[in-house]
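Written below as structure tokens is the structure these notes are about.
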Amino acid sequence: MLVETDMMKVIEKLYGSDGRKIVELLLKSSDGKSIDEISQETGIRVNDVRRLLYEMSQEGFVAYLRSQKGDSFWYNYRWYTNIAMLKNALSKRIDNVVKVLEERLEYETSTPFYICPNDLTVYTFEEAFENNFQCIHCQADLTEFDNKQIINHLKSLLEKLKKFNSSTL
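Structure (structure tokens):
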């Protein structure tokens with residue numbers, strides 16, 4: 001099970017220390033907090049709190065409840081989160097990263113590459129063919145580029161992310 005401290009490290013990487021402070025405060029709150037309350041309790045400027053909350057809400061890390069007092073046309077927003085929301089949002093984020101890495105792996109395995117021995121510029125087969133297999137910068141002959149290390153690294157990353165997502169979240 002992913003512990004809260006690990007989850008907070010991820011939040012901090014994504015949204016900075018202010019984002020972490022906000023999430024920690026909301027986790028402790030049973031009935032949510034307004035933007036002003038969050039600002040006062042964390043010492044973070046109201047505009048920064050608002051911006052971070054909107055960013056985090058777009059990915060599902062936090063959410064809000066909207067209420068109206070009496071006949072007033074003003075709405076009150078109470079922001080909240082819980083561990084289940086955080087895990088779900090992180091799982092979705094990991095799924096998106098996995099999708100991008102799988103696309104990159106497919107590209108790396110299906111495309112032959114060539115490299116300039118002088119400036120290490122990498123070319124696809126099509127680019128190399130268009131330039132008569134010569135570097136466009138120094139006209140050196142291109143050699144076939146072995147991208148097995150890149151492919152193995154992508155496979156390793158994918159395996160770790162999938163394992164983490166299925167077993168931890």
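FYI, the numbering for the sequence shown is 1 to 169, going by UniProt numbering.
The beta-carbon is built from N, C-alpha and C at its ideal position, and this holds for glycine as well.
These numbers come from a predicted model, not from an experiment.
Endpoints, the beta strand (DSSP E) within which residue i is located
i, result
"R66", "63 to 68"
"I115", "113 to 115"
Helix, strand or coil at residue i [DSSP, three-state]
i, result
"T124", "strand"
"F145", "strand"
"F164", "helix"
"Q134", "strand"
"N76", "strand"
"A84", "helix"
"D95", "helix"
"D6", "helix"
"D18", "helix"
"A89", "helix"
"N152", "helix"
Assigned exposure category for residue i - 16 Cβ within 10 Å defines buried
i, result
"K13", "exposed"
"Q58", "exposed"
"L154", "buried"
"F61", "buried"
"Y75", "exposed"
"A84", "exposed"
"Y107", "exposed"
"C135", "buried"
"K33", "buried"
"L26", "buried"
"L81", "The displayed chain sequence assigns Thr, not Leu, to residue 81. That one is buried."
"V23", "buried"
is_contact[residue i, chain D] using C-beta, thresh 8 Å
i, result
"L105", "Looking at the structure shown, chain D is missing, and only one protein chain is on hand."
Three CB pairs or more closer than 8 Å across the region 138 to 151 and the region 107 to 122: Using a Cβ-Cβ distance cut-off of 8 Å, the region 138 to 151 and the region 107 to 122 are in contact, since at least three pairs of beta carbons, one from each stretch, lie closer than that value.
Sufficient close CB pairs (3 or more, under 8 Å) joining the region 10 to 30 to the region 45 to 52: Yes, the region 10 to 30 touches the region 45 to 52.
Inter-stretch contact at 8 Å, needing at least 3 Cβ pairs: the region 154 to 167 / the region 94 to 104: Result yes; three or more Cβ-Cβ pairs closer than 8 Å.
Length at least 4, wholly inside the region 22 to 59: the alpha helix (DSSP H) runs in chain order: Fully enclosed alpha helix (DSSP H) runs of 4 or longer: 35 to 42, 46 to 58.
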